[in-house]
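Residue numbers (mature numbering (1 follows the signal peptide of the UniProt record, and there is no 0)): -23 to -1, 1 to 247. All C-beta atoms in this analysis are idealised placements derived from N, C-alpha and C, irrespective of residue type, glycine included.
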């Protein structure tokens, strides 16, 4: 489990640092969260807080960057300046944080990267699910469910983060080797308005599956299809597999999504 791995890395790191602090002094752990608005990130934060509450020797502070890379840099610099014992980071982007992460690492601060990788090897540990496998599982689901020819609309995530790349490459690793499966449309969520245009021409180019890079995007695509009265002709697949109102598991139970691919948050393991 991702949760237990993160906790293990923190505990091991603090074992090396414990000799520098009094037994009664708490170890400061800081987490820089890249985005806070979606349920996946909220679940990650919650799991991390719950896990930290089980360890009275830890003092966890969560910093919310809200997608602002400069804010995330500022948070990391604050943790460096204020002698945090461990820094956990879920990067908003792969490249812009490299310099400051390397600075923290070179100062001897244990760095744990969660969910999204960065373009440097100067960190202590990475905790995250295999996004290539997430993409493969989506491909396997479609391949095993398709008796006849199938067209897939792929709606990718935003930016150039590693999860997006992995989910795309893993998916195509499977479906590109299935002669009966075609992907006539593949675009980033920033171009979501294209979904409406594509569904307007569904009689010309049928869409059998929508593979979206998270459950929220899949649900939004379903809503567009429902408005046009074609939602029953399409199987919608999302990623995350969270429980709770209008999250992936409930959407599958309601018959809105055909499947949700589990993607653990890793909050409890960090």
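Positions of the alpha helix (DSSP H) runs, each at least 4 residues long and wholly inside the stretch 47 to 107, are given as 75 to 83 in order along the chain. The alpha-carbon separation between residue 59 and residue 40 amounts to approximately 14 angstroms. DSSP places residue 44 outside any alpha helix (DSSP H), giving it a letter other than H or E. Residue range 225 to 230 is occupied by the alpha helix (DSSP H) that includes residue 225.
Nearest C-alpha to residue 35 among 47, 63, 15: 63.
Residue pairing from DSSP places residue 7 in a beta bridge opposite 38, 64. Take residue 76, set aside five residues on each side of it, and no residue of its chain has a beta-carbon closer than 7 angstroms to its own. Look at the stretch 176 to 210 and you find these whole runs of beta strand (DSSP E), each 3 residues long or longer: 186 to 189.
Shown here, residue 123 sits in coil according to DSSP, grouped into three states, outside any helix or strand. Taking the Cβ atoms as the reference, residue 187 lies roughly 6 angstroms from residue 211, within the contact range of under 8 angstroms. 117 is the residue among 143, 175, 144, 117 whose C-alpha sits nearest the C-alpha of residue 154. Here residue 143 carries a helix assignment [DSSP, helix/strand/coil]. Separation of residue 239 and residue 219 (C-alpha to C-alpha, rounded to the nearest whole angstrom) is 8 angstroms.
Within 10 angstroms of the beta-carbon of residue 141 lie 16 or more other beta-carbons, which makes it buried. If you ignore the 5 residues before and after residue 52, its C-beta comes within less than 7 angstroms of the C-beta of 9, 40, 42, all in its own chain and listed in chain order.
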